[in-house]
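This report refers to the structure that appears directly beneath it.
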Amino acid sequence: MSRRVFFVTCPKGVEYLLADEIQAFGLELVRHSPAGVWAEGDLAAGYRTCLWSRLANRVILHVAEVDAANENALYEGVLGVDWSSHIPERGSFRVTFLGQNQAIRNTQFGAQRVKDGIVDSFRAAGAQRPSVAPKSPDVAVSARLHRNRLSLGIDLSGHSLHMRGYRTEKGIAPLKENLAAALLYRAGWPEIAAAGGDFVDPMCGSGTLLIEAAMMALDIAPGRRQEGFGFEKWPGHQPEIWLELKQEAERRAHEGKQARVPTFAGFDQDSRVIATAWKNIARAGLEGIVHVEARPVESFTREEKWSQRGLVLTNPPYGERLSERRELSSLYEALGKAVKNAVPGWRMAVFTGAPEFGKSIGLRSFKQYKLFNGKLPAQLLLFEVDEANAMTPRDPDRSGEIRPRIANEERASMLRNRLKKNLKTIGQWARKQGIGCYRVYDADMPEYALAIDLYEGRVHVQEYAAPKTVDERAARERLAEALAVIPEVLGVDPADLICKQRQRQAGTQQYEKQSATGEFMTVHEYGCALRVNLKDYLDTGLFLDHRPVRYWIQTHAKGQRFLNLFCYTGAASVHAAAGGASRSLGLDMSKTYVNWARENLALNGADSRKHRVEQADCLAWLAEKPSPDQRFDLIFMDPPTFSNSARMQGVLDIQKDHAMLIRQAMSRLTSDGLLIFSNNFRRFRLDESLASEFMVEEVSRSTIDRDFQRNPKIHRCWHIRHLS
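Residues in the sequence shown are numbered consecutively from 1, following full-length UniProt numbering.
As structure tokens, then:
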């Protein structure tokens, strides 16, 4: 039998499991793809996948790939395919179209052009054209657009394979059957069942996990009771192969019930949903095998017939509403207590969209899998039920932890779309400029009051403190949504996202230590390498908004003597050295930042004899009479708004003290030199008397880069020179 190419789709996050599964059906993996896999094999392997896959959504027989750079190219490509071997003459078909590009932005338009090409190909051959049937067509054509290429195929499944046929009533957010199967695989159920284990779901809902577990353990094909597949009226269908596969599935289902049948027990406190579960069990042909009853989780106890080894797998509530979330910690704690008492030695697996409540269970999870329940990010937490793994249950809401979780998909989609737009425009600009770190979002939407900065593969998120009029729980809910959306859109591992709450700063609070990881990374900006720490301080060691000022210094520093007052981590000194400054001096009263600045200079190969950093109180240093060697051609001064550090002789209030500081700095500036003075106090007003003593030019507008244009008041900046 000739080999064919198939694209098998599945839920997001299940791709690698699916690749393993379909190889057992005779398909060879070609490559993974988002929400699916490409594979090769004969038609029998494609049929077997339709009948036996517990994970797939659809099985697409690949027909052709055509150019789709524009609508005409797409139409001509579709027209050139021999559709008579795939759609019966005078038959019916429908087109499902996914994807878009610059030319084809609407899926309905894309589907229409594919339909036009198919119909016109029949006309061109002088054949009777098929009709378009949105419902119950003879053949379903799949069209998937990626960039400028369109993959065309025949949907052999005809419907999503997660629909096994046993679940007809609508429940409250039930798990899809193929996601339930994925959870069973990840939890190790096939191995546990083979070793004589039993299966229990203490919050079983409509029974999906129980039914899938039973079908898996008893070798029952998930498509066994399906009526109608997409290939049955396809002209290439080979009925004899399909009949043989169906007979094999019936034989295996019979044999599966002859060996040891595990116990399958499910419980739920809602008697109405238990009634639905019984109907689903009957439709699946599992009466007498799967047992369910109404019982709250607190009443979960072991039954004598249960094996010494087994699996507890459940999908507890996520707490989508704030009122529900308040009850989650006690619910998860009750679950953990009941399972520890009832089935020690078993394995427990909990699938949840609120994984932070896993800590309320009172067991240490030994494995976590990231998956999606629909569009909601979720995790499967695995536990071995053993006293050695016990821990004190903890309520994450009381501990202040915030974990990623989408409560309002429509609201989260707005953030998702804004981030995508910003990433495309600002990201392209940053790459062209040679900028590795930039702001991609700055409270663009009032619902998400965040500053989001990219640091070469890692994300630094600062949450602006919500006003007192905003409910604290509502603010936490929106932050949790943002933490779920940001890694997805920016393409980073959630472990590489660091989130901090930022409030209006007082004193030196902006410099105070928040953690003690000691975790540094090196980033790049206009050819300079700079060390940043995203976790240990409120600020990272690099003020992104001052990037244009640093670049200006770099391009004007050649041969200049450079003074960096309140130098922080010395980034401006690095740029001055890179720009060819003859020497530089950086001053800061923090030993931590002095050492950090020295490391930054060393990282860029600066000569430590020419480019020095010293620990000093800038106020006291400036108040002293300058020595002969303290004359500079270029000075950068960016003081804090307020400081009352114990290491200082006095208190710094930038609004009150700036004129004095500027005059003192100007006494160290050469006659034709330049002082760059900057600060980020929003209500700052420059002392008008300075304009009578010096040439003062505000350059703030030119120092605001593209990624900070939404927030042009983030700092103000002046060039100050001596009068000629």
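Virtual Cβ for every residue (Gly too), placed ideally from N, Cα, C. What you are looking at is a predicted structure, and each value in this text was computed from that prediction instead of being measured.
For this session: Could you work out which residue in Arg3, Trp52, Lys12 and Gln368 is closest to Val30 when comparing CA atoms only?
Result: By one-based count along the sequence shown, residue 30 stands at place 30. The option with the nearest alpha carbon to Val30 is Arg3.
Problem set entry | Reduced DSSP category for Gly586 - H, G, I as helix; E, B as strand; rest coil | Residue numbering aside, residue 586 sits at position 586 when the sequence shown is read from its first letter. Here Gly586 sits in strand by DSSP.
Exercise. So what does DSSP say about Ala577, is it helix, strand or coil?
Worked result: On the sequence shown, residue 577 is found 577 positions in, with the first residue counted as 1. In the structure shown, Ala577 sits in a helix (DSSP, three-state: H, G or I).
Exercise. How would you call Val651, buried or exposed, if buried means at least 16 neighbouring beta carbons within 10 angstroms?
Worked result: Counting from one through the sequence shown, the residue named residue 651 turns up at place 651. The residue is exposed, with fewer than 16 neighbouring Cβ atoms inside 10 Å.
For this session: For Glu614, collect the residues of the same chain with a Cβ closer than 8 Å to its Cβ; drop the 5 residues on either side in sequence, then sort them by chain order.
Result: The sequence position of residue 614 within the sequence shown is 614, counting from 1. Result list for Glu614: Leu585, Gly586, Leu587 and Val594, in chain order.
Exercise. Would you call Asn373 buried or exposed, if buried means 16 or more other Cβ atoms sit within 10 Å of its Cβ?
Worked result: What you label residue 373 is simply residue 373 of the sequence shown in a count that begins at 1. The residue is buried, with at least 16 neighbouring Cβ atoms inside 10 Å.
Exercise. Which residues bound the alpha helix (DSSP H) around Tyr16?
Worked result: By 1-based counting over the sequence shown, the position of residue 16 is 16. Note, Tyr16: alpha helix (DSSP H), Glu15 to Gln23.
For this session: Pull up the distance between the alpha-carbon of Asp198 and that of Thr107, whole angstroms please.
Result: In the sequence shown, the residue the question calls residue 198 occupies position 198. In the sequence shown, the residue the question calls residue 107 occupies position 107. Approximately 47 Å between the Cα atoms of the pair.
Problem set entry | Lys513 versus Asn533: straight-line alpha-carbon distance, rounded | Taking the sequence shown and counting its residues from 1, the one referred to as residue 513 is at position 513. Taking the sequence shown and counting its residues from 1, the one referred to as residue 533 is at position 533. Low confidence applies to Lys513: its pLDDT is 47, below 50, so where it sits in the model is not reliable, and the reading given next is rough at best. Lys513 and Asn533: Cα-Cα distance of roughly 11 Å.
Problem set entry | Through-space distance from Ile498 to Arg631, alpha-carbon basis | Against the sequence shown, residue 631 aligns to sequence position 631. Against the sequence shown, residue 498 aligns to sequence position 498. Those two C-alpha atoms are separated by around 42 Å.
For this session: Using alpha carbons as the reference points, say which of Ala69, Asp707 and Ala35 lies closest to Leu419.
Result: For the purposes of this step, residue 419 is taken as the residue at position 419 of the sequence shown. Among Ala69, Asp707 and Ala35, the Cα nearest to that of Leu419 is on Asp707.
Exercise. How big is the Cα-Cα spacing for Met660 and Trp718?
Worked result: Start at 1 with the first residue of the sequence shown, and residue 660 comes out as number 660. Start at 1 with the first residue of the sequence shown, and residue 718 comes out as number 718. Met660 and Trp718: Cα-Cα distance of roughly 15 Å.
For this session: Closer than 6 Å by C-beta to Val492: which residues in its own chain qualify, once you throw out the five before and the five after it? Chain order, please.
Result: Against the sequence shown, residue 492 aligns to sequence position 492. Counting only Cβ-Cβ distances below 6 Å, and skipping sequence neighbours, we find Val459.
Exercise. Beta carbon of Ser206, beta carbon of Asn280: below 8 Å?
Worked result: Taking the sequence shown and counting its residues from 1, one reaches residue 206 at position 206. Taking the sequence shown and counting its residues from 1, one reaches residue 280 at position 280. Going by C-beta atoms, Ser206 is nearer than 8 Å to Asn280.
Exercise. Are the beta-carbon atoms belonging to Phe229 and Ser157 less than 8 Å from one another?
Worked result: Along the sequence shown, read from residue 1 onward, the residue named residue 229 stands at position 229. Along the sequence shown, read from residue 1 onward, the residue named residue 157 stands at position 157. Yes, the Cβ-Cβ distance between Phe229 and Ser157 is below 8 Å.
For this session: Measure the C-alpha to C-alpha separation of Tyr511 and Tyr448 and round it to an integer number of angstroms.
Result: Residue 511 sits at position 511 when you count from the first residue of the sequence shown. Residue 448 sits at position 448 when you count from the first residue of the sequence shown. With a pLDDT of 41 at Tyr511, under the threshold of 50, the modelled position of that residue is not reliable, and the figure given next carries that caveat. In a straight line, the C-alpha of Tyr511 is about 25 Å away from that of Tyr448.
Exercise. With a CB to CB cut of under 6 Å and the five nearest residues on each side skipped, what residues in its chain are close to Ile192?
Worked result: Walking along the sequence shown from the start, residue 192 turns up at place 192. Here the set comprises Leu311.
Exercise. Are at least three pairs of beta-carbons, each pair with one atom in the stretch 478 to 491 and one in the stretch 541 to 561, less than 8 Å apart?
Worked result: no
Problem set entry | Option nearest Glu698 by Cα separation, candidates Ile118, Leu674, Glu333 and Ala665 | Position 698 of the sequence shown, counted from the first residue, corresponds to residue 698. Checked all of Ile118, Leu674, Glu333 and Ala665; the closest Cα to Glu698 is Leu674.
Exercise. With 16 other CB atoms within 10 Å as the buried threshold, where does Gly579 fall?
Worked result: As a first step, residue 579 is located in the sequence shown; it is residue number 579 there, counting from the start. It counts as buried.
For this session: Kindly identify the DSSP beta-bridge partner or partners of His32.
Result: As a position in the sequence shown, residue 32 is number 32, starting the count at 1. Answer is Val37, bridged to His32.
Exercise. Which first and last residues belong to the beta strand (DSSP E) in which Met695 is found?
Worked result: As a working note, residue 695 is residue 695 in the sequence shown. Per DSSP, Met695 belongs to the beta strand (DSSP E) from Phe694 to Glu698.
Exercise. Between Ser151 and the rest of its own chain, which residues show a CB-CB distance below 6 Å, the 5 nearest in sequence each way excluded?
Worked result: Counting from one through the sequence shown, the residue named residue 151 turns up at place 151. Same-chain partners within the cutoff: Glu65 and Arg144.
For this session: Would you kindly work out how many angstroms separate the C-alpha atoms of Gly171 and Ala182, rounded to a whole number?
Result: To locate residue 171, count along the sequence shown from 1; it is residue 171. To locate residue 182, count along the sequence shown from 1; it is residue 182. Interpretation of Gly171 is limited by its pLDDT of 48, a score under 50 that renders its predicted location unreliable; the figure taken from the coordinates is listed afterwards. Taking the straight line joining both Cα atoms gives about 20 Å.
For this session: Return the bridge partner residues of Met637 from the DSSP annotation.
Result: The count along the sequence shown starts at 1 and reaches residue 637 at position 637. Met637 pairs with Leu565 and Phe677.
Problem set entry | Closest Cα partner of Leu210 within the set Val574, Val292 and Ala249 | Translated into the one-based positions of the sequence shown, residue 210 becomes position 210. Per the Cα distances, Val292.
Exercise. Based on the DSSP secondary-structure assignment, which residues constitute the bridge partners of Asn373?
Worked result: What you label residue 373 is simply residue 373 of the sequence shown in a count that begins at 1. Answer is Leu376, bridged to Asn373.
Problem set entry | First and last residue of the uninterrupted alpha helix (DSSP H) at Asp116 | The sequence position of residue 116 within the sequence shown is 116, counting from 1. Counting along the chain, the alpha helix (DSSP H) containing Asp116 begins and ends at Thr107 to Ala124.
Exercise. Looking at the unbroken beta strand (DSSP E) that takes in Ser151, where does it start and where does it end?
Worked result: On the sequence shown, position 151 is the one that residue 151 refers to. From DSSP, the beta strand (DSSP E) with Ser151 extends over Arg149 to Asp155.
Problem set entry | Supposed contact pair Val489 and Arg416 - C-beta distance, whole angstroms, cut 8 Å | In the sequence shown, residue 416 corresponds to position 416, counting from 1. In the sequence shown, residue 489 corresponds to position 489, counting from 1. Going by Cβ atoms, the distance from Arg416 to Val489 rounds to 6 Å, so yes, they are a contact pair.
Exercise. Ends of the alpha helix (DSSP H) at Gly46?
Worked result: Translated into positions along the sequence shown, residue 46 becomes position 46. Note, Gly46: alpha helix (DSSP H), Leu43 to Trp52.
Exercise. Whose C-beta lies closer than 7 Å to the C-beta of Lys367 among residues of the same chain, with five residues either side of it excluded?
Worked result: Counting from 1 along the sequence shown, the entry for residue 367 is found at position 367. Here the set comprises Leu382.
Exercise. Could you give the distance in angstroms between the alpha-carbon of Ala577 and the alpha-carbon of Val549?
Worked result: Taking the first residue of the sequence shown as 1, we reach residue 577 at position 577. Taking the first residue of the sequence shown as 1, we reach residue 549 at position 549. Whole-angstrom Cα-Cα distance: 14 Å.
Exercise. Of all the alpha helix (DSSP H) runs that stay within the bounds of the stretch 215 to 301, which reach a length of 4 or more residues?
Worked result: 239 to 256 and 271 to 283
Exercise. Is it true that the stretch 21 to 41 meets the stretch 107 to 127, where meeting means three or more beta-carbon pairs spaced less than 8 Å apart?
Worked result: no
Problem set entry | Beta-carbon spacing of Val59, Cys50 below 8 Å | Position 59 of the sequence shown, counted from the first residue, corresponds to residue 59. Position 50 of the sequence shown, counted from the first residue, corresponds to residue 50. In contact: Val59 and Cys50 (Cβ atoms closer than 8 Å).
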